[in-house]
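Residue numbers for the sequence shown follow our numbering, so the first one is 6 and each next one is one higher.
Even glycine gets a Cβ: it sits at the ideal position worked out from N, Cα and C.
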Amino acid sequence: VKTKDFPNTMGSIKRQSVEEFQGGKHAHSSAVNIGRSVRPRMMACRNYSVLAAPLCEEKARQLECIEPMRFHFYPSKWDKFGDSGTDKIELGGFTPVNFIHDSHVLFLADFNSNDVVLSQINALITLCESFIKSLTVAVPYYPYGTNERVEKEGEVATASTVARLLSGLPSCGGGPVRVIVYDLHTLQNRFYFHGNAVASLCTTVPLLLTTLKEQAASVGKSVDVIAFPDDGACKRFGKVFAEAGYPLVTCGKVRDGDRRVVRIMEGTCKSQHVLIVDDLTRSGGTLHECGKVLMAAGACTVSAFVAHAAFPPGVAEKFLNNNGTSKCPGEFAIFEHFYTTDSNPSVTNKLPENDVFRVLKLAPQLSRDLA
């Protein structure tokens, strides 16, 4: 049999050899050679069979490129029946040889719309019933997290109902399903997951800190101050940045007659390069108002970072500087850089390039968080 007839075989052999190396007869002698500090990390790392929603396939390939001995991506086919519009899905890794059976599975999910959520629930149920060792579902951006409560009877808290869908997945060999979410909008959302799903809350802040350090080293220009648009964001993220040595500025909305306006509540930014940090943005209005106040207070430059870009159509263009073009700057064009992650590829894949936006790849952070 020729190897080319089974293109995924080598990936399986690689994973098997690593597992044998970690737990087999060579483990002791190899640990001596590589040093004690590395041995616990090697023993702790799982190898994953990776499947992905259509918009997450690029992220899956990035994981495989970062650590090919830990991650092996199996592309799936996501189609619809022409007559009914219902799902016609063929998950990767099952044929011609079943590499999914008895493996740890990582599924990269994209919950940007109700239609794609149901398609992926269908796939997840099938995976749970395929005799796998464990299932980890990475949902970097959980858009339902902003609808976690109701103000009157009859309203639906979709943060709860979608969490119940994941919590109702069938049991698989490795215990409950691990659901990884980055910078969940409100932390109490984690308690909507129960039964056969456990929320694993991660953050994009380490990725941002690494980016800022690399930028300072490469261009010699660094961020001096971290600002937050409200007290809630400061309480959530402030400690990490303070421990990293950044002074903090907190903004907030105060009443001015019949209006609510943004003011600096604490800290100073005069003659500083400032970065505003928040978990997500949709309209961008709060970020813009905060940026204007910081500039008026004497900031040299203002940039922004949000973990999740959830722009409706037409909003991203408001932030463009349009330098070197015949177009006028957008109405929100006060930022030197606008950083976000690729947690919501339905938006970030369409962001204009070579302007204000800088999209950070989540795959390296996800690889570390899975270790």
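Item to complete: Might you give, ordered along the chain, the residues of its own chain that have their beta carbon closer than 7 Å to the beta carbon of V352, omitting 5 neighbours on each side?
Response: A314, A315 and F316
Worksheet item: For A36, which of helix, strand or coil comes out of DSSP?
Response: Residue placement at A36 is poorly supported in this model, since its pLDDT is 37, which falls under 50; the coordinates are not used for a value here.
Item to complete: Quick one: grab the DSSP three-state call for H278.
Response: strand
Practice prompt. Say whether chain D places a C-beta atom closer than 9 Å to the C-beta of K64.
Written response: Protein chains in the displayed structure number just one, and chain D is not present.
Practice prompt. Take the Cβ of R75 as the centre, count every other Cβ of all protein chains shown within 10 Å, and call the residue buried at 16 or more, exposed below.
Written response: buried
Fill in: H3 - containing alpha helix (DSSP H), residue span
Limits of the chain in this structure are 6 at one end and 376 at the other, which puts residue 3 out of reach.
Worksheet item: With 16 as the cutoff for other CB atoms within 10 Å, does S193 come out buried or exposed?
Response: In the sequence as displayed, the identity of residue 193 is Gln instead of Ser. Exposed.
Worksheet item: To the nearest angstrom, how far is it from the Cα of V245 to the Cα of V282?
Response: 12 Å
Item to complete: Closer than 7 Å by C-beta to K323: which residues in its own chain qualify, once you throw out the five before and the five after it? Chain order, please.
Response: G289, G335, E336 and F337
Worksheet item: Q370: which of P181, L206, V182 and G150 sits nearest, CA to CA?
Response: L206
Worksheet item: Helix, strand or coil: which one does DSSP assign to A164?
Response: helix
Discussion item. Contact between the segment 210–227 and the segment 172–181 is defined here as three or more beta-carbon pairs at a separation below 8 Å; is this criterion met?
Written reply: no
Practice prompt. For D263, count neighbouring C-beta atoms within 10 Å of its own C-beta (all shown protein chains included) and say buried if the count is 16 or more, exposed if not.
Written response: exposed
Discussion item. Taking a contact to mean a Cβ-Cβ separation below 9 Å, would you say Y146 touches T163 in this structure?
Written reply: no
Worksheet item: Can you round the beta-carbon distance between A58 and L113 to whole angstroms, since I take them to be within the 8 Å contact cut?
Response: 6 Å
Item to complete: Just list the alpha helix (DSSP H) runs in the segment 281–331, keeping only unbroken ones of 4 residues or longer that don't cross its boundaries, in chain order.
Response: 290–301
Discussion item. If I measure Cβ to Cβ from L212 and keep anything under 8 Å in the same chain, skipping five residues before and after, which residues do I get?
Written reply: T346, L365, L367, P369 and Q370
Worksheet item: Who are the Cβ neighbours of T306 in its own chain at under 8 Å, not counting the five residues just before and after it?
Response: H278, V279 and E341
Worksheet item: Out of curiosity, what's the CA-to-CA distance linking T291 and F99?
Response: 47 Å
Fill in: Spatially closest choice to L111 from L356, C133, V210 and L214, by CA coordinates
C133
Worksheet item: Expressed to the nearest angstrom, what Euclidean distance is found between the alpha-carbon atoms of T330 and N349?
Response: 28 Å
Item to complete: Can you give me the Cβ contacts of F233 inside the same chain, cut-off strictly under 8 Å, excluding the 5 residues immediately before and after it?
Response: C239, F242, G243, L253, V254, T255, C256, I281, V282 and D283
Fill in: Distance between V267 and P80 (C-alpha atoms, nearest Å)
47 Å
Practice prompt. Using 10 angstroms around the beta-carbon of S54, count the other beta-carbons present and answer buried if the total reaches 16, otherwise exposed.
Written response: buried
Worksheet item: Curious, which full-length alpha helix (DSSP H) runs of at least 4 residues does the segment 98–178 contain?
Response: 119–133 and 163–172
Discussion item. Rounded to whole angstroms, what is the Cα-Cα separation between V144 and F116?
Written reply: 7 Å
Worksheet item: Within 10 angstroms of its Cβ, does F196 collect 16 or more other Cβ (buried), or is it exposed?
Response: exposed
Discussion item. For Y95, tell me which candidate among G87, K82 and V203 has the shortest Cα-Cα distance.
Written reply: Just to set this straight, residue 95 is Glu in the shown sequence, not Tyr. E95 has its Cα closest to that of K82, out of G87, K82 and V203.
Practice prompt. Using a threshold of 9 Å, state whether the C-beta atoms of A168 and F198 are closer than that.
Written response: yes
Worksheet item: Between which two residues does the beta strand (DSSP E) harbouring G257 extend?
Response: L253 to D261
Worksheet item: If we count the other Cβ atoms within 10 Å of its Cβ and call it buried at 16 or more, is E62 buried or exposed?
Response: buried
Worksheet item: From this set, E156, T141 and K275, which residue's C-alpha is nearest R51's C-alpha?
Response: T141
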